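Residue numbers (my numbering): 361 to 1117.
Even glycine gets a Cβ: it sits at the ideal position worked out from N, Cα and C.
Predicted model, so just to flag it, every value in this text is computed and none were measured.
Structure, as structure tokens:
Given below as structure tokens:
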């Protein structure tokens, strides 16, 4: 049986018998003793296993039998000075506590402690594992989208189930909906594998991950759309769940394939009746939100009525196909309608959209379009039927231009179209924000960059030196946008004229395509006026806490690159500049006052870390960021220079970016339904820490000083019981009396099991 199995070090395993047990035991004991020299106790942990091991029960049995014979031999020969047995991690630590005479759960006094996240890591020479932070960014983005949709689906399904119970809805399909949630959860969990989310799997495995995540994403969106419609239905008992027909409202976006860019459904207003069509908006966060959202329609002039019966300002903009480049010819029947949605925490609201004639509704505003550096072919695009309804200017002016809202003013280069500076109007501060695109190759000799390793061919070089082929400017009262087209990148910067958190930051959207390149890595460098001493900056650990980073000149360039799951910032005594990200990637501060974010990497060779191939399955990849510029209003003495926290505005802006509101237009093939406004709330039991030296603008709620009362946090839902549990919800810790407020310390997560009715 042993001849079936092979070891990577090319020494075949062998069965342990009475003839060789002494020699085998002495050999492995010698290895354990050498390992013990690295430990402070006589207890050694020897993990058994590796990648692609225990593929069947036979291998497990053979390993178990072999080690059992070694353990027995050691027990029978006490002169060998060792005892060995199978055990768990808990068994190991219990043995360490006993050996050091330490109370379980406490650190032995003789042990040193090492804090930090151990990034960035090198296993030898200059081979830093800082490339995988960015490898397969399309899948990293899809992972984040699935996570957001799954969380939102779980919340709204819980609320819908309670409502169904309250209203005695016998046909509520909890089993079908729960199965869809389970499928989404499994798809997301599978991708958290150390070769999944890292982007270090083989091409066919990445394909499988993508298909599973797409199915999970569709199921989560299906649950959200169906439960949203159910919660707003006037007669819940009469609501019809028809899985074969699909939800009665379109999903907020759809993807034809797992490698496709998301596309928005179109609200069919052109043939709509005078009653208009409903659009549902769902806020899955616990905080109230006032933000700009958008819906695509086939008619440009609309009237929107909010859930309170009042008219809502809207802005109509042209829609350009994402992947068509600067020469795109517009469709004449798709328009983007922007409006400000005002939502309470964890709520579903209905906005009614009506078709009107041009100029009929004074709340409906048409955006203005300016084209710079256009070609003759782009002139044809400008003359298309859709763009003809928008006031359009064609210009060759290469002077700086400005976009402005009630909160921010952004200045752009008329030559490159890139951002130059941002002025925060509340305090009049002007912040340098000079954007440029950068590139790396891989070194010409020795080992080269691969899926894991970042081995660049020198310092970053500018990716784009010539002026872009087109600068496109769209301006309106609810927001303005600049889009440029350069080799490999479509780059958009947008300002929202919103009183919410989205109005306090600058939106940056990129569409990156390096499919035809060779050994290329691309990114963005933001030059700021921040004088960060010693080139210290901060990036987050899995969206939970900020970690101090420092540029070390003694390290290789690749050793100064760190992961950025959700945000990073530079700061000095007066200013902080944050980059908030909707997807994970690599980040660095290689030049004082500048922060680098990587977009994508295409590599033609393996880096000898187990993948056995390069990274050549690149997709047209979106990335979405927000730039937040803050001025300290008070100087706070740092008690721990190693730690730092986002501002409250930074925390809420990050949550808003990662968890956008769902906008679901009514499907044209469904009968119109009767609705009444109805909102529901849910408890969020995580205390986000914040730096109080920055102003908390654009926020619509208070922190509550970390106190939550489960019974008071639910609208229209009563609590039969609430129990504090472990994070895994497997152990009940304490019952909460009705009306009891719980204090949650900063950085802590409180798990509460609630029974609703």
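| request: Determine the burial state of residue 680: buried for a count of at least 16 other Cβ atoms within 10 Å of its Cβ, exposed for fewer. | output: buried
| said: According to DSSP, is residue 888 part of a helix, a strand, or is it coil? | reply: strand
| said: Quick check on residue 1112: buried or exposed, where buried means 16 or more other Cβ atoms within 10 Å of its Cβ? | reply: buried
| field | Contact set for residue 672: own chain, Cβ-Cβ below 6 Å, skip 5 residues either direction | value | 664, 666, 699
| Would the beta-carbon of residue 911 fall within 7 Å of that of residue 920? | yes
| Bounding residues of the beta strand (DSSP E) (the contiguous stretch that carries residue 800) | 789 to 800
| Nearest-angstrom Cα distance between residue 476 and residue 647? | 31 Å
| said: Give me the residue from 855, 890, 471, 944 with the minimum Cα distance to residue 883. | reply: 944
| request: For my contact list, residue 601 and residue 588 are in at a C-beta cut-off of 8 Å; report their separation, rounded to the angstrom. | output: Rounded, the Cβ-Cβ distance is 13 Å, inconsistent with contact.
| The alpha helix (DSSP H) with residue 1012 in it runs from where to where? | 1008 to 1018
| query | Alpha carbon to alpha carbon, how far is residue 454 from residue 464? | reply | 7 Å
| task | Let me know the secondary structure DSSP gives residue 438 once reduced to three states. | result | helix
| message | Excluding the 5 residues flanking residue 481 on each side, which residues of the same chain have their C-beta closer than 6 Å to its C-beta? | response | 489
| Is the beta carbon of residue 1056 sitting closer than 7 Å to the one on residue 927? | no
| task | Starting from the C-beta of residue 756, find all residues in its chain whose C-beta is less than 6 Å away, skip the five residues before and the five after it, and write them out in chain order. | result | none
| field | Proximal residues to residue 1093 (C-beta, below 7 Å), its chain only, five neighbours per side dropped | value | 1084, 1085, 1086
| task | Pull up the distance between the alpha-carbon of residue 980 and that of residue 845, whole angstroms please. | result | 14 Å
| message | According to DSSP, is residue 1056 part of a helix, a strand, or is it coil? | response | coil
| said: Please report the straight-line C-alpha distance between residue 856 and residue 635, rounded to a whole angstrom. | reply: 30 Å
| query | Roughly how many angstroms lie between the CA atoms of residue 1006 and residue 992, to the nearest whole one? | reply | 12 Å
| query | Between 787, 479, 619, 677, which lies nearest to residue 503 when the distance is taken from Cα to Cα? | reply | 619
| task | Indicate the three-state DSSP secondary structure (helix, strand or coil) for residue 845 in the structure shown. | result | strand
| Which one or two residues does DSSP pair with residue 867 in a beta bridge? | 854, 986
| task | Rank 1023, 1010, 1069 by C-alpha distance to the C-alpha of residue 1053 and give the top, closest one. | result | 1010
| Candidates 486, 633, 640, of which the one nearest residue 653 by Cα | 640
| query | Whose CA, out of 472, 711, 887, lies closest to the CA of residue 701? | reply | 711
| field | Residue nearest to residue 874 in terms of C-alpha spacing, selected from 937, 959, 925, 566 | value | 959
| On the premise that residue 512 lies in contact with residue 1022, defined as a C-beta separation below 8 Å, what is that separation, rounded to the nearest angstrom? | 7 Å
| request: Provide the residue span of the beta strand (DSSP E) that contains residue 935, from first to last. | output: 935 to 941
| message | Measuring straight from C-alpha to C-alpha, what distance separates residue 501 and residue 942? | response | 7 Å
| said: Assess contact between the segment 756 to 775 and the segment 849 to 863, defined as three or more Cβ pairs (one per stretch) separated by less than 8 Å. Is contact present? | reply: yes
| field | Where the alpha helix (DSSP H) through residue 581 begins and ends | value | 563 to 591
| task | Kindly indicate which three-state DSSP category residue 1002 falls into: helix, strand or coil? | result | coil
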